[in-house]
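>
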Amino acid sequence: MSCRRSFFAAYDDGPKARRLRPIVRFQAFLCTYNGGMDSNELHNAIPPSADERIEKDESFMREAYAEARRAFEEGEVPIGAVVVCDGRVVARAHNRREADRDPSGHAEFSAMRAAAQALGRWRLSGCTVYVTVEPCIMCAGLMHQARIDRCVWGAPDPKAGALGSLYAIHADERLNHRFESTGGVWATQCGSLMRDFFACRRDASDQGDADA
């Protein structure tokens, strides 16, 4: 089994019991000591099931994918991102490195900057960043600095990925903040968009050489 297949198996095909175990423990705690909550309050306090979480992740990843499509249409590397806080999108962005001539113009970097402005605070605690491709070390570093809760990403980046492929910034115990990383959400669609983009660039380059 390839590294890519085994990595995605943890998200897509992993044992259901493993995904549910933290939720089951939390439910058991609430049932043992509910602090005076009635049954309705107790039900509302229980986190969503693993299936519900996956459904939400895919829904927000579609929003990020729409941003990636915009980047594709603008001739930028097709990566898109959204920042979600309290169940709603507070910021969205796509790659604009070429248009803005900005080395930091990555989708997730720009989205986090916009989220900080929208929320009126630089700390993005309570926020989840959804991005179509595994973040690079620059963007993963900003996630650490912004104190995000979680990053959900689509296709892996074996050449520059910093949330599992080359580095694991999110889980580095030497750092003063760690966050959750979930990869492989809409990986096929996100990866296909990247391949299509670079195939178009190669075709254009070959055509230019032929015309020269």
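The sequence shown runs 1 to 212 under UniProt numbering.
Each residue gets a CB set at the ideal place from its N, CA and C atoms; glycine is no exception.
1) Give the C-beta separation of S181 and C151 to the nearest angstrom, bearing in mind that I take them to be a contact with Cβ-Cβ under 8 Å.
2) What residue range is occupied by the uninterrupted beta strand (DSSP E) comprising Y65?
3) Rounding to the nearest angstrom, what Cα-Cα distance links S110 and C200 in this structure?
4) What does DSSP give as the partner residue(s) for W186 in the beta ladder?
5) Should G164 go down as buried or exposed, given a rule of 16 or more other Cβ atoms within 10 Å for buried?
6) Rounding to the nearest angstrom, what Cα-Cα distance links H106 and P156 in this structure?
7) Answer with buried or exposed for G154, where buried requires no fewer than 16 other C-beta atoms within 10 angstroms of its C-beta.
8) In three-state terms, what does DSSP make of L80?
9) Taking the alpha-carbon of A146 as reference, which of C136, D196, A116 and E173 has the nearest alpha-carbon?
10) So what does DSSP say about S104, is it helix, strand or coil?
11) Taking the C-alpha atoms as reference points, what is the distance between P158 and E134?
12) By a C-beta neighbour count over all protein chains shown, 10 Å radius and 16 as the cutoff for buried, is W186 buried or exposed?
13) On the DSSP bridge assignment, give the partners of W153 in chain order.
14) Quick one: what's got a C-beta closer than 6 Å to R113's C-beta in the same chain, skipping five residues either side?
15) Please classify E73 as buried or exposed, where buried requires at least 16 neighbouring CB atoms within 10 angstroms.
16) What would DSSP say about A111, mapped onto helix, strand or coil?
17) Helix, strand or coil for P158? Go by DSSP, reduced to three states.
18) S181 bridges to which residues according to DSSP?
19) Give the single residue among L166, L119, E55 and G120 whose Cα lies nearest to the Cα of C136.
20) For C85, which beta-bridge partners are listed by DSSP?
21) Give me whichever residues DSSP pairs with L193 in a beta bridge.
22) Can you tell me the Cβ-Cβ gap for R92 and V82, rounded? I've got them flagged as a contact below 8 Å.
Considering the structure as presented:
1) Taking the Cβ atoms as the reference, S181 lies roughly 5 Å from C151, within the contact range of under 8 Å.
2) Annotation for Y65: no beta strand (DSSP E) segment contains it, though the alpha helix (DSSP H) segment containing it runs A50 to E73.
3) Roughly 25 Å separates the two Cα atoms.
4) Checking the DSSP bridge columns, you'll see W186 has no partner listed.
5) So G164 ends up on the buried side.
6) Approximately 16 Å between the Cα atoms of the pair.
7) G154 is buried by the Cβ-count criterion.
8) Per the sequence shown, residue 80 should be read as Gly rather than Leu. Here G80 sits in strand by DSSP.
9) Taking A146 as reference, the option from C136, D196, A116 and E173 with the minimal CA-CA separation is A116.
10) In this structure, S104 counts as coil in the three-state DSSP scheme.
11) Near 9 Å, if we compare the C-alpha coordinates of E134 and P158.
12) Result: buried.
13) According to DSSP, which records beta bridges pairwise, W153 is partnered with V131.
14) Cβ neighbours of R113 beyond the five flanking positions: none.
15) With fewer than 16 neighbouring CB atoms inside 10 Å of its own CB, E73 falls in the exposed class.
16) Residue state, collapsed to three classes: helix.
17) In this structure, P158 counts as coil in the three-state DSSP scheme.
18) For S181, the pairing in a beta bridge is given by DSSP as C151.
19) It is L166 whose Cα lies nearest to the Cα of C136.
20) Its beta-bridge partners are R88 and C127.
21) The partner list for L193 (beta bridge, DSSP) is empty, contrary to what the question assumes.
22) The Cβ separation is near 4 Å, so the contact holds.
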